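**Student:** Starting off with a structure, shown below.
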Amino acid sequence: MSDNAKAKKGSKRKLLIPVLLILTLAACSVAGYAVWRMMNKHEGDKPEVAKVEPPPAPVFFALDTFTVNLVNPDNDPDRVLYVGFTLRLPDEDTRRRMNDYLPEVRSRLLLLLSRQSAAALATEQGKQALVEQIKQALTPPLVKGQPPQAVNDVLFTAFILSGSAEEEKKQNGPEGDIRPYDPNTQRRVVRERLQALEIINERFARSFRMALFNLLRRSPDISVGAIKIQPYHEFARNLPVPTNLNLIHLKPLRGTALVVFSPSLVFIAVDNLFGGDGRFPTKVEGREFTHTEQRVIRRMLKLALDGYSDAWKAIYPLDVEYVRSEMQVKFTNITTSPNDIVVNTPFQVEIGNLVGEFNICIPFSMIEPLRELLVNPPLENSRQEDNHWRDNLVKQVQHSELELIAHFAETSLRLSRILQLKPGDVLPIEKPERIIAHVDSVPVLTSQYGTMNGQYALRVEHLINPILNSLNEEQPHD
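Put into structure tokens, the structure is as follows:
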């Protein structure tokens, strides 16, 4: 084979190798594409799984408890309904709108509840019907130009239906000095307005305001909230954490009450005492109070207890005594049962742009002996009338005639000697320097004896009874 032939054969081989490589790559590409298509085809045949979106966060709107008189068919107030519930709303806008027009919301509900029948509400069907009526009552727009609001559900948080008046009379039997006690009768206090306690709270707020001004050197504004008569578990459930719980005694009343300082009030007081102005609010972290914060709490508590004791003096003098402090409500069981009724008074303290709260919670069983005084407070002029009556009584007593007896001398003899006495016997006695005079066997004064203007007389040296001494100093001698 010639050299030219060999060269042509070599050149053909060199051209064949790239062609084979290109064909190989093309075949691999086609095969890969085919596999990819087949895989996509199988995945496309699978049904698409719908993505499950999480449900929206629930929106709740809690309402304070309602107390209404229910009317029986004879239009005679028969029972009292104590009910509390929380509304489940579709969105935050509805909740905000109801909060802005809360008086309108409560007015609609009060009118609705006052038309209910006690017999119907005692059944499960009656309660379910009430739920639907509440939804219908709150659906119309609260004001003209606003959209209607939807209520998804009504959740009861309290439902107490008191007994009828006629049944209570039958159970109590004939009227008399002895009145049977039924623990359930505590709930009947919701019919009554504790007017005297409202006066006490107002006086205490004014006194505590001045005390806080002297402590913080800033003028606070203290407003008194409406008195809430509620079960103890409902009061304890709404307390924030941490909370300063102070147990106190109101002597001579039996039981234990609570003075509760919210953390916001404690942090405001600490901030002001150390020169702050509230620009950097303290975050509530669920921690215990520091030693500095506890010292400030003790100073505020002493001012509060002194002011509360003074506020009670006009109605019924009480000695307010501090017992101990706690941070967890489970250690402050001031009632025997979580369902026992307590009287809760909220106070709001505003210093600048900052607002704090505190509460005074008293078991109803504790102040029940004073219920008549609290429901019917004494008139303002009653003290003046009492003083006038006392002055007249004192004058009458001062003009009373009493028999003053002065014992001149006494001696001791044996019974045998007394039996031997006969006329003419002489008994030796010691001449006393002073004589004690008595009224109804009660010693009232010491004196010296003698004569004056031809009569035996006594010269007063000392009044034995300290009350007589004080009266003698206050009044001139006749």
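For what it's worth, my numbering labels the leading residue of the sequence shown as 906, then goes sequentially.
Note that CB positions come from ideal geometry on N, CA and C, so glycine has one too.
As the structure is a computational prediction, the values presented were derived from the model and not from experiment.
Just curious, the beta strand (DSSP E) that Arg1200 is in, first and last residue?
**Tutor:** Careful: Arg1200 lies outside any beta strand (DSSP E), inside the alpha helix (DSSP H) at His1196 to Trp1217.
**Student:** Can you give the Cα-Cα distance for Glu1306 and Pro1337, rounded to whole angstroms?
**Tutor:** The straight-line gap from Cα to Cα measures roughly 28 Å.
**Student:** Which of the three DSSP states is assigned to Leu1047 in this structure?
**Tutor:** Coil at Leu1047, not helix or strand.
**Student:** Starting from Glu1262, follow its DSSP beta bridges and name the residues at the other end.
**Tutor:** Gln1253.
**Student:** Find out if the Cβ-Cβ distance for the pair Val1254, Leu1117 is shorter than 9 Å.
**Tutor:** Cβ distance < 9 Å, so Val1254 and Leu1117 count as in contact.
**Student:** Using the three-state DSSP reduction, which class does Asn1149 fall into: helix, strand or coil?
**Tutor:** Asn1149: strand per DSSP, three-state reduction.
**Student:** Which partner residues does Pro1348 have in the DSSP bridge list?
**Tutor:** Its beta-bridge partners are His1343.
**Student:** On the DSSP letters alone, give me the boundaries of the beta strand (DSSP E) that Phe1391 sits inside.
**Tutor:** A question about residue 1391 goes unanswered here, because the residues of the chain that appear run from 906 up to 1383.
**Student:** Could you pull out every residue in the same chain whose Cβ sits closer than 7 Å to the Cβ of Glu1029, ignoring the five residues on either side in sequence?
**Tutor:** Once the five neighbours on either side are set aside, Glu1029 has no close Cβ partner at all.
**Student:** Assuming Pro1136 and Pro1268 make a contact with CB atoms under 8 Å, what is their CB distance in whole Å?
**Tutor:** Rounded, the Cβ-Cβ distance is 11 Å, inconsistent with contact.
**Student:** Going by DSSP in three states, Met1232 sits in which element: helix, strand or coil?
**Tutor:** Reduced to three states, the DSSP call for Met1232 is coil.
**Student:** Nearest CA to the CA of Arg1192: which residue from Thr1148, Ile927, Leu986 and Tyr1354?
**Tutor:** Of the candidates Thr1148, Ile927, Leu986 and Tyr1354, the one whose C-alpha sits nearest the C-alpha of Arg1192 is Thr1148.
**Student:** Starting from Val1129, trace the beta strand (DSSP E) both ways and give me its first and last residue.
**Tutor:** Here the beta strand (DSSP E) through Val1129 covers Asp1126 to Val1129.
**Student:** Cα-Cα, which of Phe1109, Glu1273, Ile1065 and Leu1206 is closest to Arg1229?
**Tutor:** If we check each option's Cα against that of Arg1229, Leu1206 comes out closest.
**Student:** Would a C-beta distance cut-off of 9 Å place Gly1031 and Ala1024 closer than the cut-off?
**Tutor:** Closer than 9 Å, so yes.
**Student:** DSSP puts Arg1364 in a beta bridge; with which residues?
**Tutor:** In the DSSP output, where bridge partners are listed per residue, Arg1364 has Gln1353.
**Student:** Classify Asn1358 as helix, strand or coil using the three-state DSSP reduction.
**Tutor:** Looking at Asn1358 - three-state DSSP - the assignment turns out to be coil, as it is neither helix nor strand.
**Student:** Verify the CB distance criterion: does Val1349 have a CB-CB separation below 9 Å to chain B?
**Tutor:** Judged by its chain identifiers, the structure shown contains no chain B, having just a single protein chain.
**Student:** How close, in whole Å, do the beta carbons of Thr991 and Phe965 come, if the pair is a contact with beta carbons under 8 Å?
**Tutor:** Going by Cβ atoms, the distance from Thr991 to Phe965 rounds to 5 Å, so yes, they are a contact pair.
**Student:** So what does DSSP say about Gln1054, is it helix, strand or coil?
**Tutor:** Correct three-state label for Gln1054: coil.
**Student:** Please report how far the alpha carbon of Gly1359 lies from the alpha carbon of Tyr1221, in whole angstroms.
**Tutor:** In a straight line, the C-alpha of Gly1359 is about 56 Å away from that of Tyr1221.
**Student:** State the DSSP-derived secondary structure class of Ile1369, mapped to helix, strand or coil.
**Tutor:** Looking at Ile1369 - three-state DSSP - the assignment turns out to be coil, as it is neither helix nor strand.
**Student:** Taking the CB atoms as reference points, tell me whether Ile1134 and Thr972 lie closer together than 9 Å.
**Tutor:** Going by C-beta atoms, Ile1134 is nearer than 9 Å to Thr972.
**Student:** Leaving out the 5 sequence neighbours to the left and right, which residues in its chain are closer than 8 Å to Leu1015 when beta-carbon positions are compared?
**Tutor:** Excluding positions up to five away in sequence, the list reads Phe971 and Val973.
**Student:** Would a C-beta distance cut-off of 9 Å place Val1248 and Cys1266 closer than the cut-off?
**Tutor:** Yes; because the gap between Cβ atoms is below 9 Å, this pair is in contact.
**Student:** Could you have a look at His1293 and say whether DSSP puts it in helix, strand or coil?
**Tutor:** His1293 falls in the helix class under three-state DSSP.
**Student:** Compute the Euclidean distance between the alpha carbons of Arg1200 and Asp969, then round it to the nearest angstrom.
**Tutor:** Whole-angstrom Cα-Cα distance: 34 Å.
**Student:** May I have the straight-line CA-CA distance separating Ala962 from Arg1002, to the nearest angstrom?
**Tutor:** In a straight line, the C-alpha of Ala962 is about 18 Å away from that of Arg1002.
**Student:** Using the three-state DSSP reduction, which class does Asn1119 fall into: helix, strand or coil?
**Tutor:** In the structure shown, Asn1119 sits in a helix (DSSP, three-state: H, G or I).
**Student:** Between Leu930, Glu1226 and Leu1155, which lies nearest to Met1271 when the distance is taken from Cα to Cα?
**Tutor:** Met1271 has its Cα closest to that of Leu1155, out of Leu930, Glu1226 and Leu1155.
**Student:** From this set, Gln1353, Val1129 and Pro995, which residue's C-alpha is nearest Glu1262's C-alpha?
**Tutor:** Answer by Cα proximity: Val1129.
**Student:** Alpha carbons only, please: which of Trp1294, Tyr1354, Val1302 and His1304 is nearest the one belonging to Ala1314?
**Tutor:** Taking only the C-alpha atoms, the option nearest Ala1314 is Tyr1354.
**Student:** Pull the bridge partners of Asp1224 from the DSSP assignment, please.
**Tutor:** For Asp1224, which the question treats as bridged, DSSP gives the partners Lys1156.
**Student:** Quick check: the stretch 1106 to 1116 against the stretch 1161 to 1175, are there 3 or more CB pairs under 8 Å?
**Tutor:** Result no; under three Cβ-Cβ pairs closer than 8 Å.
**Student:** I need the DSSP call for Lys1327, collapsed to helix, strand or coil.
**Tutor:** Here Lys1327 sits in coil by DSSP.
**Student:** May I ask you to report which of helix, strand or coil DSSP gives Tyr1006?
**Tutor:** Tyr1006: coil per DSSP, three-state reduction.
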